[in-house]
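Engineer:
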Amino acid sequence: MTDAQPNTLTNRLDEKIAEGMSEERELLKSLRDLLIKQDFDDQIIDQVTGLVGHLEELFLLVIVGEVKAGKSTFINSLLNAEVCKVGAIPTTDKIHVLKYGEVEKERILEEFLVEKQLPFEPLRNINIVDTPGTNSIVKRHGEITESFIPRCDLVLFTTSVDRPFSETEREFLSYIVEGWARKILFIITKKDIKEPHELVEIDEFVTDSVKKFFDFEPHIFMVS
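In the numbering used here, each residue's number is its place in the sequence shown (first place is 1) plus 21.
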């Protein structure tokens, strides 16, 4: 079982982000070299070169999971601030894109899309997307969540100890793995409501389920 303290998880995220950036930089450099060899227009080559230099600004971290899986609580813990509302009923009916800004402010980009600028250091290198629950009673919630995932660099897939890796979560994960081939970290939330031996069983259940249905070894972190 992987037991995640905030620093441990942040370090792991930093590793994944660095790994993703490195891979994308190499791909862009290869593309740039190919364009140069093929004698493409200098303006196009300059655009690709610019993408290499500004790749850090493009890293997108998307957090998904069912309603009440603990996504908002996890984001608050990750940023060490009360950024996302937490309540007894679903509180996220829009996609919230969290970005760095010197002054805290919010603006509505579209009907279901809100941008929040916040003065928190972790957001200098990444944008965090807080999504509506994948099992939300409002159909539009799932649609806008699914529209964002193909564009992201890393998915944090949240599931809670009181209902770990449900059937609807498994169905949604199949889209991520088979349809979009995104990199994934699994976050099991609410560990504080279970006994240690129960957490071991839950960790094993999620691990075995992912291996059985998707044929890969998941990276799992447990958080309160």
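Don't be surprised by glycine CBs; every beta carbon is placed ideally from N, CA and C.
1. Between the beta-carbon of leucine 139 and the beta-carbon of glycine 122, is there less than 8 Å?
2. Between phenylalanine 237 and the rest of its own chain, which residues show a CB-CB distance below 6 Å, the 5 nearest in sequence each way excluded?
3. Between the C-alpha atoms of glycine 91 and phenylalanine 207, what's the straight-line distance to the nearest angstrom?
4. In chain order, what residues of the same chain have a beta carbon less than 8 Å from the beta carbon of phenylalanine 95, not counting five sequence neighbours either side?
5. Measuring CB to CB, does arginine 128 end up less than 8 Å from glutamate 136?
6. Taking DSSP as the reference, what is the three-state secondary structure of threonine 245?
7. Entirely within the segment 162-222 and at least 4 residues each: give me those alpha helix (DSSP H) ranges in chain order.
8. On the DSSP letters alone, give me the boundaries of the beta strand (DSSP E) that asparagine 148 sits inside.
9. Could you compute how far the alpha carbon of lysine 126 sits from the alpha carbon of lysine 58?
10. Give a yes or no on whether the C-beta atoms belonging to valine 182 and lysine 204 are separated by under 8 Å.
11. Pull up the DSSP beta-bridge partners for arginine 128, would you.
12. Are the beta-carbon atoms belonging to leucine 48 and cysteine 173 less than 8 Å from one another?
13. Would a C-beta distance cut-off of 8 Å place phenylalanine 234 and arginine 191 closer than the cut-off?
14. Just how far apart, CA to CA, sit serine 230 and glutamine 64?
15. Kindly indicate which three-state DSSP category valine 104 falls into: helix, strand or coil?
16. Among the residues of its own chain, which have a CB less than 8 Å from the CB of proline 185, if the five just before and after it don't count?
17. What's the call for valine 104, buried or exposed, on a 16-neighbour Cβ count within 10 Å?
18. When you compare only the Cα positions, how much space is there between leucine 134 and isoleucine 116?
19. Provide the residue span of the beta strand (DSSP E) that contains leucine 119, from first to last.
20. So, does the CB of glutamate 225 fall closer than 8 Å to a CB anywhere in chain B?
Structural biologist: Per the coordinate set shown:
1. If you check the CB distance, leucine 139 and glycine 122 come in under 8 Å.
2. none
3. 12 Å
4. Ile84, Leu177, Thr179, Ile208, Thr210 and Val244
5. yes
6. Reading off the sequence, residue 245 comes out as serine, not threonine. Here serine 245 sits in coil by DSSP.
7. 188-195
8. 148-151
9. 46 Å
10. no
11. Glu136
12. no
13. yes
14. 49 Å
15. coil
16. Excluding five sequence positions before and after proline 185, the CB atoms of its chain that fall closer than 8 Å to its own CB belong to Ile209, Ile223, Phe226 and Val227, given in chain order.
17. buried
18. 5 Å
19. 116-121
20. Here chain B cannot be found, since the structure has a single protein chain.
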